[in-house]
Amino acid sequence: MTLEEKEGDAMQSLIRKRGALKDRRAQALENVEKPVADRPRVANILIKDRKEKPQASTSTSFQPACLICATTD
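Residue numbers for the sequence shown follow our numbering, beginning at 18 and rising by one.
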């Protein structure tokens with residue numbers, strides 16, 4: 018191999034490594050940003066579910082006993 022071929026191979030290797038590094042960096046940024054981007058949507062869904070579902074204490078038909086005659090109406 019001549020010096021020019023070695024330099025060409027070294028440059029190609031550096032270009033591949035740089036491309037792989039950029040790909041890994043982009044993938045890492047996507048993984049970090051995804052949960053942050055999804056949080057408001059998930060939070061809105063959870064808030065909607067809370068609003069639509071009645072609370073257990075309000076949905077039951079509990080009636081307190083009458084203090085005078087100790088019966089329930």
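The beta-carbon is built from N, C-alpha and C at its ideal position, and this holds for glycine as well. Note that the structure is a prediction, hence the values are computed from the model and not measured.
Linking residue 38 to residue 23 through their CA atoms gives a straight-line distance of about 22 Å.
Between the alpha carbons of residue 41 and residue 29 lies a gap of roughly 18 Å. Cα atoms of residue 47 and residue 19: separation of roughly 42 Å, rounded to the nearest angstrom. Here DSSP, grouped into helix, strand and coil, assigns residue 28 to helix.
Rounded to whole angstroms, the gap between the alpha carbons of residue 25 and residue 36 is 16 Å.
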